[in-house]
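Here the structure comes first, spelled out in structure tokens, and everything after it is commentary.
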Amino acid sequence: MIKVAEKAPDFYGATAYHKNNFVKISLNDYSGKWVVLFFYPRDFTFICPTEIREFAKLEKEFKTCKCSVLACSTDSEWSHKNWFEKDLAEVKYPVLADTTHEISSAYNVLGSDGAAQRGTFIIDPEGILRWMAVSDNSVGRSVKEILRALKALQTGGLCPVEWAPGQKTLKP
1 MIKVAEKAPD
11 FYGATAYHKN
21 NFVKISLNDY
31 SGKWVVLFFY
41 PRDFTFICPT
51 EIREFAKLEK
61 EFKTCKCSVL
71 ACSTDSEWSH
81 KNWFEKDLAE
91 VKYPVLADTT
101 HEISSAYNVL
111 GSDGAAQRGT
121 FIIDPEGILR
131 WMAVSDNSVG
141 RSVKEILRAL
151 KALQTGGLCP
161 VEWAPGQKTL
171 KP
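Numbering-wise, the sequence shown is residues 1 to 172 according to UniProt numbering.
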């Protein structure tokens, strides 16, 4: 069972669609960087492209925070290529093809139908899972809230309810 404050499950040589190419990606490729890894159920669906576009729209802000964004679904790299070239050309971050279900299973988001659930994981530069959320597939996630959580984690402080970047953290 995956838990916050423990080592995030690694994956090695996973095929991803990235900038019109197929590439091999391992989590340890991002050692020393923050990572937001988000899972979505399926290509060519309704809610998924709204989330994928929002991550693309805010990718520059994630990069400013020295954070890489990775997407993952159980669809094939060929499905990703077809969908992203046709409908999501603005997306520049890698999209993993978890056809073996190994990554989705390791992160405990594999649904009984073989599709990933909407899971989001923030991993720190040492590979430790710092934040996670998994929701019902009928509800899209807030990418702005994920960015806020990342910035809160990066303060190293205690962030109270509704904390926003620029506000003070609490002292124990």
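Think of the CB as a built atom: it goes at the ideal place given N, C-alpha and C, for glycine as much as any other residue. All values derive from a computational prediction rather than experimental measurement.
Here Thr120 is buried. Its C-beta has 16 or more other C-beta atoms within 10 Å. Close CB contacts of Lys19 within its chain, under the 7 Å cut and outside five residues either way in sequence, are with Lys92 (chain order).
Within the same chain, and ignoring the five residues on either side of Glu77 in sequence, the residues whose Cβ sits closer than 6 Å to its Cβ are Thr15, Tyr17, Phe22 and Ala97.
Counting only the Cα atoms, His101 lies some 24 Å from Val143. The continuous stretches of beta strand (DSSP E) do not include His80, which lies in the alpha helix (DSSP H) extending over residues Glu77 to Asp87. Going by C-alpha positions, Lys33 is about 20 Å away from Lys57. Comparing alpha carbon positions, the residue from Ile128, Thr64, Glu145 and Asn137 closest to Leu27 is Ile128.
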